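Data block below; observations after.
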Amino acid sequence: MKELIFLNLLLIVLGISCAHTKQMSADIQERPIVFDTALLEERYSLWGVQGMGLPLADHRYLLARDGEQEIKIQKAEDFAPLAKDITSAEQALEFVRFLTSTEIRTFLADIYYSEVHKKVEKADESDQEDHWFAIDAAQYEAWYMHEPLVRELDGQYRIERFVASYPRRQNQKIVPPRLLKIWEWVDREGHYRMEIHSIIAEGESVQKILLFQK
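Numbering (the working numbering), first residue to last: 129 to 342.
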């Protein structure tokens, strides 16, 4: 009888343990990321991962998979092992636009901005980037904005772009949404860094052009 009771208890414990393990795995959601760039090694597939912890942004990242190998990507710099050689200004611009695209920046902790452009009357409403991040033509000219400029300097590419940034917490303070002129640096191996050149505007005028999600 004692042996039977012990066996039943053991089965109950094992059942609880298995249920807990299943719940833990269910708390992580994955989805494949479709990306349109030839600048990453073809052998990698890209997956977006979202954990259920709070805040959600702290539990969001990308996984690059090559067979059994996985590379966790949480910042722009983490893409370097996946990047092909960047050997032209056109490729450098394509690479930074890839990093700040809607599909990718959502998963990167240090990418809180996206390129803005002059509003056109017949924008493609199905394209989120065309509909949002658009500056009225008169304001675009008044702020002396322009298309991205790329220069090669000391073996790196410097990309000058105008971007809109999402509100974020920095040094225990909330930084409002801003329109920024930034310099982005990309080397041949795909290492990335950004510096803010100047703040053009901030607040409600910028908030209204932001896509609802980072």
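Built from N, CA and C at the ideal position, the CB exists for glycine as well.
Bear in mind that the values here come from a model prediction, so they are computed numbers and not experimental data.
Scanning its chain for C-beta atoms nearer than 8 Å, with the 5 sequence neighbours on each side dropped, one finds around Leu227 the residues Ala204, Phe207, Arg233, Leu236, Ile239, Tyr320, in chain order. In this structure, Lys247 places its C-beta atom within 8 Å of the C-beta atom of Ala262. In chain order, Val244, Trp260, Phe261, Ala262, Ile263, Ala292 place their CB closer than 8 Å to the CB of Ile337, counting only its own chain and leaving out the 5 sequence neighbours on each side. With a beta-carbon spacing of about 6 Å, Arg289 and Ile310 fall inside the 8 Å limit used to define contacts. Taking 8 Å as the cut-off, the beta carbon of Leu277 is found no closer than this to the beta carbon of Ile214. Under the three-state reduction of DSSP, Gln219 is assigned to helix.
For Arg233, the uninterrupted alpha helix (DSSP H) run begins and ends at 230-233, by DSSP. Per the DSSP secondary-structure output, Glu243 pairs in a beta bridge with Val291. Contact between Arg159 and Gly179 does not hold, since their C-beta atoms are separated by about 13 Å, which reaches or exceeds 8 Å. As for any beta strand (DSSP E) of minimum length 3 sitting wholly inside the segment 188-216, the runs are 188-194, 197-201, ordered along the chain. Within the same chain, Cβ atoms closer than 6 Å to the Cβ of Val224 are found at Ile287, Glu312, the five residues on either side in sequence being excluded.
For Asp186, the three-state secondary structure derived from DSSP is helix.
In terms of Cβ geometry, Leu210 and Glu169 form a close pair [threshold 8 Å]. Secondary structure note for Val278: its beta strand (DSSP E) is the uninterrupted segment 277-281.
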